[in-house]
Structure formats: C-alpha cells, structure tokens
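Number of protein chains: 2
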Amino acid sequence: MPKHRQSLTLNLLQAREVAMSFFRPSLKDIGLTEQQWRVVRILSQQGELEINRLADLACILKPSMTGVLARMETAELVERRRSEHDQRRVLVKLTAAGERCFESMSGRMEENYERLQERYGAEKLQTLLVLLNELKTLKR
Amino acid sequence: MPKHRQSLTLNLLQAREVAMSFFRPSLKDIGLTEQQWRVVRILSQQGELEINRLADLACILKPSMTGVLARMETAELVERRRSEHDQRRVLVKLTAAGERCFESMSGRMEENYERLQERYGAEKLQTLLVLLNELKTLKR
DNA sequence: AAAAATCAGTTAGCATGTTAATTATCTTAT
DNA sequence: ATAAGATAATTAACATGCTAACTGATTTTT
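These protein sequences, in sequence, are chains A and B.
So in the UniProt record's numbering the end of the first sequence lands on 140, straight run, no missing numbers.
So in the UniProt record's numbering the end of the second sequence lands on 140, straight run, no missing numbers.
Set out below in structure tokens:
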C-alpha cells in the first residue's frame with residue numbers, strides 16, 4: 001500500500017487545466033475570461049436567471065459574480081433588472097449582443113471539443129462525464 | 001441529439017467543488033488556503049523542489065506562487081534558498097514546522113477521503129482517477 | 001570573448017476566489 | 001401592525017489567477 005495516495009481534488013484540477021488548454025486560445029481571441037464565457041453559455045441555455053442560481057451553476061461565488069456581471073454589463077453582454085415580486089432579487093439575461101457572442105463562438109468551441117474527444121476517446125469521455133455527475137450528486 | 005452537450009470543463013469544476021467540500025472545513029480549522037495545503041502536501045512528498053516544478057505540480061502559476069511562498073515563509077512553513085550551481089534557480093522546502101503541519105493534518109485528511117470514498121464508491125473512485133490521469137496525458 | 005538569445009523568478013495591473021460584515025427587502029412571530 | 005428573524009445582493013479586505021513586462025543569470029551564437 002502506498003504511503004500517500006494521489007489526491008482526487010488535485011487530479012480534478014490538473015485534468016481540468018489540460019481540458020481548458022483546448023479552449024483557452026479561442027476565449028483569448030474574443031477577449032472573454034473563463035468566468036465570462038461560463039456566464040454567457042449558461043444564460044444562453046437557461047435564459048433569464050437570478051444571481052444566486054447563476055452563481056451556483058457557474059461555480060462563481062456571489063461576491064465574485066457581482067464584479068463579473070458589472071464588467072459584462074459595461075461590455076453590454078448582459079443586462080440586469082430587479083424582480084417585480086421581490087425587490088431583493090436581481091434577474092440577469094444576455095443582451096442581443098451577448099446572444100450573438102455565444103452564437104459566433106459556439107461553432108468554434110464545438111470544434112475544440114471534437115479535437116479533445118478525438119484524442120481522448122468518445123466512450124471514455126462519456127464515462128468520465130457520468131462519473132463526474134455522480135460525484136456532483138454528493139453535494140450537500 | 002441535444003442542441004447543447006454538457007461542458008466537460010464545467011463538470012470538472014463542479015465535481016471538484018463537491019470533492020473540496022469534504023476537505024475545506026479541515027483546512028479552515030488550521031488556517032491554510034487550498035493552495036498552501038497543496039504546496040505543503042507536495043513538498044512533503046517530493047522534498048526540496050525548484051519553483052518552476054512546484055508551480056507545475058500544484059497547478060499554481062509562477063506569479064501567484066511568488067506570493068503564496070512569501071506568505072508561507074512569513075508563517076515559517078517553508079524556506080527558500082538559491083541553487084549554488086545556477087543562481088537563477090530558487091529551491092523551496094518545508095521547515096520543521098511545515099513538516100509537523102503536514103503530519104498533524106494528514107490523518108484527518110485521510111478520514112475525509114474515506115468519507116468521500118464511502119459515499120461515492122471505492123471502485124468508481126479508482127476508475128475516475130484513472131480517467132483523470134489519462135486526460136492529463138493530453139498535456140501539451 | 002562579446003553580443004544575442006534563453007531562462008528562472010519577480011513585479012505590476014487587473015480579474016476573480018474567499019470570508020465576514022453590511023444594506024435593503026421580505027417573512028415570521030408576537 | 002410591529003419587531004425580530006431570514007434572505008438576496010453588495011461591499012470590504014486580503015489571497016490567488018492571469019498576462020505582460022522586467023531583472024538578473026546562464027547559454028548560445030557569431
């Protein structure tokens with residue numbers, strides 16, 4: 001038995017770094033940070049969301065999200081409004097420009113994904129995604 | 001066919017968040033950040049390392065590592081010295097206090113790992129680690 | 001050997017991670 | 001109806017992520 005087993009969390013981090021290397025160049029080209037792209041992608045799929053939910057889905061803490069959204073609002077990628085029913089809540093959605101940003105990038109990101117899948121293996125990729133989702137079910 | 005497949009990188013991030021939730025409380029108790037613990041753990045296993053190598057293993061960029069090590073040096077967890085052969089290189093190792101820090105934490109971290117493994121499944125955990133390591137081989 | 005290129009680490013500047021405290025709003029208990 | 005409690009978001013303060021530029025030391029080129 002090994003004295004030190006390998007760290008799951010470090011391996012998840014290192015593996016993610018490798019995966020990100022397939023996508024980072026494209027993000028750099030359009031001047032979006034990883035976090036901003038996550039927000040664009042999620043809002044594109046889910047439509048208008050409140051900040052709590054968006055932060056949870058994007059793995060961005062709420063205090064960080066405040067700044068991320070402020071900069072994206074300046075860049076006119078998203079717009080915020082307060083909910084009528086509950087004045088505490090803030091709802092966020094993509095602007096038309098934000099939608100176009102996603103559309104113009106999605107093809108290229110798909111190509112990057114294909115490159116990764118080709119080198120890694122489609123079945124292995126599917127298995128990995130299943131295992132990751134099962135790990136996520138341990139939340140709370 | 002789904003219009004939007006799920007994002008591998010986001011799933012890796014979300015899964016890591018769940019995994020970290022098993023360890024964060026322990027880190028908080030001793031006042032170490034995630035990054036500092038990674039440095040302690042790696043130096044404990046590998047002994048003295050140069051900064052480039054340490055940064056690569058710990059998934060911490062060199063500019064960040066400068067600050068991390070400065071704070072850990074102030075806390076007297078690590079010590080730095082320049083290599084005799086190559087004055088550009090800086091070598092880092094744990095102090096005696098740093099070693100004790102690791103020793104006093106490793107048991108508890110191991111318990112956390114057991115809890116995770118018990119809930120997730122030992123075989124699944126092994127499979128996941130294998131798949132992650134295979135993904136890491138795509139580096140470069 | 002001297003200049004140019006390379007390399008290790010740091011510094012600088014801004015974006016984000018993280019926790020605690022704060023503000024404004026809403027809900028619940030009395 | 002009002003005060004206490006809970007909730008959503010922000011602010012503040014410091015640590016880290018990230019890129020580019022910079023410094024000093026080593027290697028390569030000419």
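Cβ coordinates follow ideal geometry from the N, Cα and C atoms, glycine included.
Since the model is a prediction, treat every value here as computed from it, not as a measurement.
Taking 8 Å as the CB threshold, A/R100 stays off the interface with chain B. Within 8 Å of the CB of A/S26, no CB atom of chain B is found; the nearest one sits about 12 Å away. Counting only runs of at least 4 residues, the UniProt domain "HTH marR-type" (5-137) of chain A fully encloses the following alpha helix (DSSP H) elements, listed from N- to C-terminal order: 8-20, 24-30, 34-46, 51-58, 62-74, 96-120, 122-136. One Cα belongs to A/M105, the other to B/L116, and the distance between them is close to 37 Å. Around the C-beta of B/L10, 16 or more other C-beta atoms lie within 10 Å, and the residue is accordingly described as buried. Chain-order list of chain A residues neighbouring B/E17: C59, K136, K139, by C-beta distance under 9 Å. Leaving aside the five residues that flank B/E76 on each side, the residues in its chain whose CB is nearer than 6 Å to its CB run, in chain order, T95, A97. Counting only Cβ-Cβ distances below 8 Å, B/L128 has contacts in chain A at L8, L128, L131, L132, L135, in chain order.
Check the Cα spacing between B/R108 and each of B/Q14, B/E17, B/K28, B/L13: the tightest is with B/K28.
Contacts with chain A (Cβ-Cβ distance below 8 Å) from the segment 81-94 of chain B involve no residue at all. Contact between B/L8 and A/A70 does not hold, since their C-beta atoms are separated by about 29 Å, which reaches or exceeds 8 Å. Using a CB distance cut-off of 8 Å, B/M20 counts as an interface residue toward chain A. Counting the other Cβ atoms within 10 Å of the Cβ of A/Q87 gives fewer than 16, which makes it exposed. Using a CB distance cut-off of 8 Å, A/N11 counts as an interface residue toward chain B. Closer than 8 Å to the CB of A/Q35 there is not a single CB belonging to chain B. Taking CB atoms only, A/Q46 has no neighbour in chain B less than 8 Å away. The beta carbon of A/E79 lies closer than 6 Å to those of T95 in the same chain, with the five residues before and after it left out. In this structure, A/L43 places its C-beta atom within 8 Å of the C-beta atom of A/V92.
Taking each of A/G31, A/R16, A/L12 in turn and checking the Cα distance to A/F102, the smallest one comes out for A/G31. The beta-carbon separation of A/A15 and B/K136, rounded to 5 Å, stays under the 8 Å limit for a contact. A/R119 is not a Cβ neighbour of B/L128, given a cutoff of 8 Å. The Cβ of A/K62 sits no closer than 8 Å to any Cβ of chain B.
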